[in-house]
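Quick note, the sequences are listed as chains S and D, same order.
Everything in the first sequence is counted per the numbering used here, starting at 16 for the first residue and increasing by one.
Everything in the second sequence is counted per the numbering used here, starting at 71 for the first residue and increasing by one.
Ideal Cβ placement from N, Cα and C applies to all residues, glycine included.
For reference, the structure discussed in these notes is given below.
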Amino acid sequence: MIRLDGVAVELGGTTVLESVSTTVETGQFLALVGPNGAGKTTLLRTCNGVLTPDEGAVRVDGEAVASRSARALGRTVATVPQETTLAFDFDVRDVVAMGRTPHRSRFATADDADREAVEAALERTETARFADRPVGELSGGQRQRVLLARALAQSTPVLLLDEPTASLDIDHRVRTLSLARELTADGRTIVAAVHDLELAARFCDEMALLADGRLLATGPPGEVVTADRLESAFGVRTAVATNPVTGTPTATPLPERSSADRRVHVVGGGRRAARVIGRLAGTGATVTAGVLPAGDIAATTADAVAGELVTAPPFEAIPPDRRAAAADLVEAADATVLTAPVDGANATLARRSRRLLALENTDPPPAATVVSESELPAALSAEPSRRSTTAPR
Amino acid sequence: MVFRRTLAWSAGLSGLLVGVSLVSATLGYADIGPLAVARVVLDAVAVPTVGAGGLGWVSPFDLEVSRTTATIVGGLRLPRIALGAVVGFALALAGTVMQGFFRNPMADPSIIGVSTGAAVGAVAFIALPVSVPFGLPAFAFAGALLAAFGVYLIATEGGRTPVATLLLAGVAVQAFLGAVISYLLLHAGDGLETAIYWLMGHLQNSTWGRVRVALPVVAVFFVILLAYTRELNVLLLGEEDAHTLGVEVERTKHVLLAASSVVTAAAVAVSGVIGFVGLIVPHVMRLIVGPDHRILLPTSALAGAVFLVATDTVARMGPAEMPVGIVTAALGAPFFLYLLRRREVHAL
C-alpha cells in the first residue's frame, strides 16, 4: 500500500507538487494522468525515494520512503524510467540482471533465485528473444521493454512505471499494460504515468488526474475522465464518450473555438449526421443540431461537441416546444445542413434557414445547394459569415 | 560465469606479466640470459625455516649466482620492472574507474587534478631548498590528494557531488595548478632538469623501497574497488536508476573517487606523470572483455601492468634512455586515434 500525505516538492525554486494526498491499496493499479509538466514524473520520483518531499511524506507499507536505505527501497519499489542512458554496451540479460542488485550481497555471485527471476522477467516481457544482444542495438520500444524486465527482475511488491508505453507500438502498448494488470493479480501495487487516457482508463483500477502539481481528481476512470475535468486539467475541450469496444471512457480533444466562428445547424440523424457534426466542430464552427431522437448516435456526438442540441423522444410526434426551440437554432445559424431525407417538422425547419446546404441523396428541397460530405467545410466557409458582413439593423 | 571468465582472463594476463617481466629482465646493456635471470629469482626465494638461530628465512635453492649478475638483475632491473608493473596496474585501474564513474571516454586517472597536484608537490620539492627522506614521493603524494580533495570540495554542494560539476572543477583546478607548476619551474634553477624529467614520467630511480611503499597502497585500494564493481556497472545506467536499484549513490561515488585518487597518487608519487596508460588500456580491454566491470577492472589493471613493463623496457633500451612517459604517449596516442577512426570507442 502506498500512502501520500500532503506531499509537496520544490525543484529549483518552483513548486512542482503541492499537497498531494492519496492512497493506493495493495494490488491496485493507479494510472497517473495529466498534461506535460503536471508533476507525474516528480510524483513517481517521490515514491521511489529519488526525491525527498519538502512537505508531507510518502509511505510504502507504513514506512516512510525518505527514511529507508536505497537497498531496502530497491527491494520494495521498482521503477521503469522513461528512458535510460546506457553508457557502455551491456547485453540485455546483463541489464535485466542488474535488477537483482538490491537482493545480492557484495561478493555473492548470482544464485538460482537470481537466475530464475531474470529468465522469468525476460519471458514475461518478451525480451528473451534478444537477451544476448547489446542494448545499444535495440530500438527505443525494445529498450523500454528491457527496462520493464529489469524492474520485474527486482521482484518488488510495488512497481512504478513512467510512461511505459511512450515508444511502443499499439500491440505492445496493450501487452505492456495488460501485463501490468496481470501483475496486480499477484498482489503487486502499480502506479503508472500514462499519457494515453483511453489506454489508462482501460487497464487501471483508479485514476489520478494531476495538473499544475495538484491532484484534481482521483477515482475510477469513469468518474475522472469527464469533459469538465479534462478541460480544467489540459485546457482543451474534449468530447468524452464510451468506447463501444472496451466500454471504458474515451476522450477526443477538440480544436479551440475562434471568436469569429460561424454557426451551423445540422438537421437529420444517424451516423452520417454524427460524422458531419464531428467534422464541423473540428473546423471551429459552433454546431447546433436538432430535432434529433434522444439516444440517436448523432445526438450522442452532438451532446459531446455541439453548442446546443434539441432532442425529442423517438417514435413520437415532435412536441411543439421542441420544434420552436429547433427553429430558433436554425434562424440563428449562418447555414443549415441537411444530412438525411427529412419530412414533417424537420422539413419545415429546413425552409426557415438562411442558407440551406444538403448532402447527396437527401432528396433536398429546390433551394438547397447540394455538396458532398468532404466539400462541406469549404462550402460553408465560402460564404462570409453573416455577423461579419451585415450592417447593424 | 562472469567469475570464471574473470579468473581465466586474470590468470592469462598474470602469466603474460610474468613472461614479459622475465624477458624484460634479460634485456639491457649487460648480457644476461634467461637462465641467469631465473637463477637470480629462484635464489632470492626464501621460505621460513626453523634453524639453529630460531625462525629464519632460508633459501631452499643453493645456486651459483655471480654478485654482478645478482646486483644488475636483483638490484636494478627487477625493482624497476616491479615498480613499472605496480604503476601500470594502478594507472589502468584508476582509469577504468574514472571512465565508468564519469561515463566519459576521455576520462583518465588525472581527470580530477590528482596528477597535476602531484606535479605541484614534486616540482615544489625540487625547487625549494628542503631535504626530507622520501621527500619527493611524499610531497607528490600529498599534492595529489590535496588537489583531488580540493576539487571534490569545490564540486560538492549539500552532500551531492554532480559528476558534471566535478569534471569542470577538475579541468579548472588543473589549469590553475598548471600555472603554479610553470611558475615554480621558472624558479627551479638547478633543479629544472630533474623537474622536467619527473614531469615526463619515468621509472629510472626505481628501488625495492619504492615498490614496498606503493604496492601495499595499490593492493588495498584495488580490493576495495573490486568490491564496488557491481555498483560501477549499475552507475552506468545513470545515478537515478542506480538509486532505484538499491545503490547508495553518493556514498558509492565518494568511495570510488577516494580510492581511485589514492591509487593514482601512489603511482604518480613514485614515477611522475606517466600519461595514456590509464586512458588507453581500459579502452582496449573494454573492446576485448566487454563493459562489465567485474571482469574489466582486474583485467584492465593487469593489462596496464603488462603495458607499462613492456613500454619501459623499450624506454630503457634506446641509445639514450628516455622517460617512459614519452613512449606510452608516442605509442598510445596513435593507437587511440586508430580506435577512434574505427569507431570502436565512440559509444561509451
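Rounded Cβ spacing between D113(D) and T99(S) (contact assumed at less than 8 Å): D113(D) to T99(S), Cβ: 57 Å. No contact.
Chain S contacts made by the segment 349-373 of chain D, where a contact means CB separation under 7 Å: R356, P361, D362
Roughly how many angstroms lie between the CA atoms of G98(D) and P389(D), to the nearest whole one? 11 Å
Beta-carbon proximity of V394(D) to T116(S), cut-off 8 Å: The answer is no: Cβ separation not under 8 Å.
Which partner residues does T384(S) have in the DSSP bridge list? L372(S)
Quick one: complete beta strand (DSSP E) runs, 3+ long, within the segment 203-244 of chain D? none
Could you please give me the residues that DSSP links to P264(S) through a beta bridge? T257(S)
Any alpha helix (DSSP H) of 4 or more consecutive residues that is wholly inside the segment 269-350 of chain S: Those alpha helix (DSSP H) runs which fall completely within the segment 269-350 of chain S and span 4+ residues are 285-297, 312-320, 335-347.
Neighbour-count burial assignment, D201(S), 16 or more Cβ in a 10 Å radius: exposed
Neighbour flag for G64(S) against chain D, beta carbons, 8 Å: yes
Could you list the residues in the segment 77-100 of chain S with a C-beta less than 9 Å from some C-beta on chain D, going in chain order? Of all residues in the segment 77-100 of chain S, S84, A85, R86, A87, L88, G89, R90, V92, A93, T94, P96, T99, T100 have a Cβ within less than 9 Å of some Cβ in chain D.
Here's the rule I'm using: 16 or more other beta-carbon atoms within 10 Å means buried, otherwise exposed. How should V35(S) be labelled? buried
Can you tell me whether Y298(D) is buried or exposed? The criterion is at least 16 other CB atoms within 10 Å of its CB, across all chains shown. buried
Exposed or buried, which one is I358(D) when buried takes at least 16 other CB atoms within 10 Å? exposed
CA-to-CA distance, I396(D) to V241(D), given in whole angstroms: 23 Å
Would DSSP call V226(S) helix, strand or coil? The displayed chain sequence assigns Ala, not Val, to residue 226(S). In this structure, A226(S) counts as strand in the three-state DSSP scheme.
Cβ neighbour criterion (16 or more within 10 Å) applied to M71(D): exposed
For a quick check, are the C-beta atoms of A266(S) and V302(S) less than 8 Å apart? no
Please tell me whether S80(D) has its Cβ less than 8 Å away from any Cβ of chain S. no
In whole angstroms, what separates the C-alpha of N174(D) from that of S389(S)? 57 Å
According to the neighbour-count rule (16 or more other Cβ atoms, all chains shown, within 10 Å of its Cβ), is M113(S) buried or exposed? buried
For T30(S) and R196(S), what's the separation of their Cα atoms in angstroms? 32 Å
I think L409(D) touches V167(D), with their Cβ atoms under 8 Å apart; what is that distance to the nearest whole Å? That pair is no contact at about 20 Å.
Going along chain S, which residues have a C-beta under 9 Å from T422(D)? Residue 422(D) is absent from the structure shown; chain D starts at 71 and stops at 418.
Contacts of A242(D) in chain S (Cβ-Cβ under 9 Å): Going along chain S, no residue has its Cβ under 9 Å from A242(D), so there is no contact; the nearest lies around 24 Å.
Starting from T191(S), follow the alpha helix (DSSP H) in both directions and report where the run begins and ends. Boundaries of the alpha helix (DSSP H) harbouring T191(S): 185-200, taken from the DSSP string.
Of all the CB atoms in chain D, is at least one closer than 8 Å to the CB of G114(S)? yes
Give the straight-line distance between the Cα atoms of G170(D) and R18(S), rounded to the nearest whole angstrom. Going by the C-alpha atoms only, they are around 37 Å apart.
By Cβ distance, which residues of its chain are closer than 8 Å to R286(S), with the 5 residues on each side in sequence left out? I312, A313
Nearest chain S C-beta to F209(D) closer than 8 Å, yes or no? no
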